[in-house]
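So the sequence shown is numbered by my numbering: it starts at 2 and just counts up by one. We put the CB at the ideal spot given by N, CA and C, even for glycine. The block underneath contains the structure these notes are about, expressed in structure tokens.
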Amino acid sequence: MRRPTLISVKDSPRLSRRSTASSRRCFVGVLLSARPGRFLRVMDAMTSQISRSPPCRTHCPIICPMSLSRTSKERSMTVDSRPIPTATTKPDKRYAPALNPAYPASWWIVALSTDVARGRSEPVRALEKDLVLWRDDDGCLHCQAAHCLHLGAHLGYGGMVRGTTLHCPFHGWGYDPTGSVVSQVGPSRQLKNRCLPTYRIMERDGAVYLWNGDGEPDHVIPDLYEHYGVSPRDFITVPHRLYMPFPAKYFAENICDGMHLAFAHGAAEWGEAVALEETSTMIKIENRLHSYRPWYTWANLKRLYRQGELVNIFTPVRGSLIATSFGATIHLTHIENTGNWGDHLVCWTPCNEDDHHFFAIDVVPRPRVPIVGPLLETLMTKVLRLGLYSTAAQDVALLRHRVEGPKPPYAPFDKGLIAFRRHWDSRIPGDGNMDSGAIRSNGPRAGISSGLHARKAGE
Numbered sequence: 002m003r004r005p006t007l008i009s010v011k012d013s014p015r016l017s018r019r020s021t022a023s024s025r026r027c028f029v030g031v032l033l034s035a036r037p038g039r040f041l042r043v044m045d046a047m048t049s050q051i052s053r054s055p056p057c058r059t060h061c062p063i064i065c066p067m068s069l070s071r072t073s074k075e076r077s078m079t080v081d082s083r084p085i086p087t088a089t090t091k092p093d094k095r096y097a098p099a100l101n102p103a104y105p106a107s108w109w110i111v112a113l114s115t116d117v118a119r120g121r122s123e124p125v126r127a128l129e130k131d132l133v134l135w136r137d138d139d140g141c142l143h144c145q146a147a148h149c150l151h152l153g154a155h156l157g158y159g160g161m162v163r164g165t166t167l168h169c170p171f172h173g174w175g176y177d178p179t180g181s182v183v184s185q186v187g188p189s190r191q192l193k194n195r196c197l198p199t200y201r202i203m204e205r206d207g208a209v210y211l212w213n214g215d216g217e218p219d220h221v222i223p224d225l226y227e228h229y230g231v232s233p234r235d236f237i238t239v240p241h242r243l244y245m246p247f248p249a250k251y252f253a254e255n256i257c258d259g260m261h262l263a264f265a266h267g268a269a270e271w272g273e274a275v276a277l278e279e280t281s282t283m284i285k286i287e288n289r290l291h292s293y294r295p296w297y298t299w300a301n302l303k304r305l306y307r308q309g310e311l312v313n314i315f316t317p318v319r320g321s322l323i324a325t326s327f328g329a330t331i332h333l334t335h336i337e338n339t340g341n342w343g344d345h346l347v348c349w350t351p352c353n354e355d356d357h358h359f360f361a362i363d364v365v366p367r368p369r370v371p372i373v374g375p376l377l378e379t380l381m382t383k384v385l386r387l388g389l390y391s392t393a394a395q396d397v398a399l400l401r402h403r404v405e406g407p408k409p410p411y412a413p414f415d416k417g418l419i420a421f422r423r424h425w426d427s428r429i430p431g432d433g434n435m436d437s438g439a440i441r442s443n444g445p446r447a448g449i450s451s452g453l454h455a456r457k458a459g460e
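Okay, here's the thing in structure tokens:
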């Protein structure tokens with residue numbers, strides 16, 4: 002099998018048509034050969050076509066699904082159990098203002114819980130800013146601005162954790178969880194009113210969420226176990242991460258673009274998106290498909306093969322896609338008539354203006370089969386990863402080369418997209434840039450000149 006090429010952001014990552022075709026041939030051959038070990042290795046190779054972005058450690062693969070069963074490593078991690086603040090709680094002065102006010106004031110997934118081991122620090126690039134995540138010796142996770150106050154060393158590269166203090170690898174300055182300088186090596190002086198900006202985070206379902214707002218969070222992200230009424234004993238959460246070389250909002254808007262689902266992914270003849278429900282913190286959109294196309298046919302099989310989505314032959318779309326967006330950034334997707342199978346909690350978090358990480362979390366039944374149960378769990382995880390990859394792969398070329406002009410002529414089926422864009426803009430603080438060409442926000446340039454945005458612009 003031809004080894005997939007890993008390409009960095011600096012080298013303008015793209016899907017290699019030749020390597021993708023080679024991977025498809027290998028997948029079919031190994032699937033028919035019924036050799037489980039080789040099958041799993043091939044799927045690992047297929048889902049490693051694009052490398053992770055440079056700000057992240059290179060030893061972490063681009064797509065990182067993990068079964069969050071209670072392993073010894075995970076038992077050593079302590080999840081921050083502080084209650085999620087509501088709008089009625091007093092502001093916590095320990096936290097800095099919004100990380101980047103050009104983006105919605107909402108929760109964003111910035112990492113996976115297993116990225117940061119106890120007593121370690123890791124670099125993170127999110128919302129066009131550099132951060133450091135570090136887990137103290139008690140297992141509590143902290144998030145702060147990445148660069149040391151002294152001479153600007155990045156604390157995520159070589160930062161040392163001792164107890165509840167993060168030490169700079171350059172000159173040894175020590176920071177506590179509030180960002181205050183609590184120790185210096187050699188002769189020192191007291192630093193007043195100088196501390197690293199510290200950001201509110203929480204861990205849930207294997208992911209690390211960051212609050213990008215000035216005040217207290219005004220909404221709560223659903224706990225997947227509670228949402229589905231299941232127990233960790235019977236179900237597992239499987240988080241994934243995929244690096245994408247184009248703006249995050251481009252991908253996020255796909256969940257409110259029914260025509261895209263019908264035409265680009267071949268699910269139906271045409272589709273539309275309509276807003277079912279909206280509040281200041283949530284919007285629910287239904288993508289309705291009309292005239293479903295025959296799925297289990299040779300013509301569709303050849304189409305999926307050409308588009309690199311052969312694995313999706315096992316997951317036909319035969320119902321409306323309903324997306325519930327919390328704060329415009331965290332999305333719970335569900336396909337009608339499929340039960341809970343295929344549901345995702347997703348987030349597209351910008352690294353820079355023109356690239357992002359695509360995070361997705363699945364909840365799947367835990368196999369209860371003696372001896373082969375762990376193998377089935379691993380196989381199920383990798384199949385989910387491959388399905389996510391193959392679905393996203395088709396959108397890479399479309400969105401990477403997309404250039405939206407000013408004030409696009411919206412079509413009648415774009416009602417859901419317009420509603421989502423207005424909702425997105427409503428979550429951006431008043432001093433944020435509201436005219437960024439549909440990359441960070443929408444604004445008048447994107448033709449959004451009424452509704453919530455118009456009221457905000459008139460204030």
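Practice item. Taking only the alpha-carbon atoms, compute the straight-line gap between R136 and L385 and give it to the nearest angstrom. Key: In the sequence shown, counting from the first residue as 1, residue 136 sits at position 135. In the sequence shown, counting from the first residue as 1, residue 385 sits at position 384. Those two C-alpha atoms are separated by around 29 Å.
Exercise for review: Kindly indicate which three-state DSSP category A398 falls into: helix, strand or coil?
Suggested key: Reading the sequence shown from its first residue, position 397 is the one you call residue 398. Residue state, collapsed to three classes: helix.
Practice item. Consult DSSP for V404 and reduce its assignment to one of helix, strand or coil. Key: Position 403 of the sequence shown, counted from the first residue, corresponds to residue 404. Three-state result, V404: coil.
Check your understanding: Between the segment 243 to 257 and the segment 213 to 220, are three or more C-beta pairs nearer than 8 Å?
Key -> Between the segment 243 to 257 and the segment 213 to 220 there are fewer than three inter-stretch CB-CB distances shorter than 8 Å, so the stretches are not counted as touching.
Practice item. Using the DSSP secondary-structure output, state which residues sit across from V209 in a beta bridge. Key: Translated into the one-based positions of the sequence shown, residue 209 becomes position 208. For V209, which the question treats as bridged, DSSP gives the partners A112, E204.
Practice item. Report the rounded CA-to-CA distance for H261 versus I419, giving the unit in angstroms. Key: Locating residue 261 in the sequence shown gives position 260, where the first residue counts as 1. Locating residue 419 in the sequence shown gives position 418, where the first residue counts as 1. Between H261 and I419, the C-alpha separation is close to 14 Å.
Review point. Can you find at least 3 beta carbon pairs, one from the segment 347 to 359 and one from the segment 267 to 284, that sit closer than 8 Å?
Key: no
Point to revise | alpha helix (DSSP H) segments (min. 4 residues) lying fully within the segment 231 to 315 | key: 249 to 253, 259 to 264, 299 to 307
**Study point:** Among L399, K383, P351, nearest to V239 - alpha-carbon criterion
**Key:** Counting from one through the sequence shown, the residue named residue 239 turns up at place 238. Comparing Cα-Cα distances from V239 to each of L399, K383, P351, the minimum goes to K383.
**Study point:** Cβ-Cβ separation, F414 to C257 (assumed contact under 8 Å), whole Å
**Key:** One-based indexing of the sequence shown puts residue 257 at position 256. One-based indexing of the sequence shown puts residue 414 at position 413. Incorrect: roughly 11 Å between the Cβ atoms, too far for contact.
Point to revise | Contact check, S107 vs R428, beta carbons under 7 Å | key: As a first step, residue 107 is located in the sequence shown; it is residue number 106 there, counting from the start. As a first step, residue 428 is located in the sequence shown; it is residue number 427 there, counting from the start. A contact, by the Cβ cut-off of 7 Å.
Point to revise | Neighbour-count burial assignment, H332, 16 or more Cβ in a 10 Å radius | key: In the sequence shown, counting from the first residue as 1, residue 332 sits at position 331. Counting Cβ neighbours within 10 Å, H332 comes out buried, since at least 16 surround it.
Practice item. Mind checking which residues open and close the alpha helix (DSSP H) that includes I419? Key: For this step, residue 419 is matched to residue 418 along the sequence shown. 416 to 427 is the extent of the alpha helix (DSSP H) around I419.
Practice item. Starting from L132, follow the beta strand (DSSP E) in both directions and report where the run begins and ends. Key: The residue given as residue 132 occupies position 131 in the sequence shown. Note, L132: beta strand (DSSP E), 130 to 136.
Check your understanding: Can you give the Cα-Cα distance for E378 and P410, rounded to whole angstroms?
Key -> For the purposes of this step, residue 378 is identified with residue 377 of the sequence shown, where counting begins at 1. For the purposes of this step, residue 410 is identified with residue 409 of the sequence shown, where counting begins at 1. So the alpha carbons of these two residues sit roughly 47 Å apart.
Exercise for review: Under 8 Å Cβ to Cβ from R294, same chain only, skipping five residues before and after it: list those, please.
Suggested key: Walking along the sequence shown from the start, residue 294 turns up at place 293. So the list reads G267, A268, A269, E270, N301, once near-sequence residues are dropped.
Check your understanding: DSSP state of Y411, grouped into three classes?
Key -> Walking along the sequence shown from the start, residue 411 turns up at place 410. Coil.
**Study point:** Status (buried if at least 16 other CB within 10 Å, exposed otherwise) for D139
**Key:** On the sequence shown, residue 139 is found 138 positions in, with the first residue counted as 1. Exposed, because fewer than 16 other Cβ atoms sit within 10 Å of the Cβ of D139.
Point to revise | Three or more C-beta pairs below 8 Å linking the segment 148 to 161 and the segment 100 to 114 | key: Between the segment 148 to 161 and the segment 100 to 114 there are fewer than three C-beta pairs closer than 8 Å, too few to call the two in contact.
Check your understanding: Looking only at DSSP bridge pairs, what is I323 linked to?
Key -> Working through the sequence shown from its first residue, we reach residue 323 at position 322. According to DSSP, I323 bridges with E287, H335.
Review point. How would you call I286, buried or exposed, if buried means at least 16 neighbouring beta carbons within 10 angstroms?
Key: To locate residue 286, count along the sequence shown from 1; it is residue 285. Around the beta-carbon of I286, 16 or more other beta-carbon atoms lie within 10 Å, marking it buried.
**Study point:** Unbroken beta strand (DSSP E) run spanning H143, endpoints
**Key:** Working through the sequence shown from its first residue, we reach residue 143 at position 142. 142 to 146 is the span of the beta strand (DSSP E), which, as asked, contains H143.
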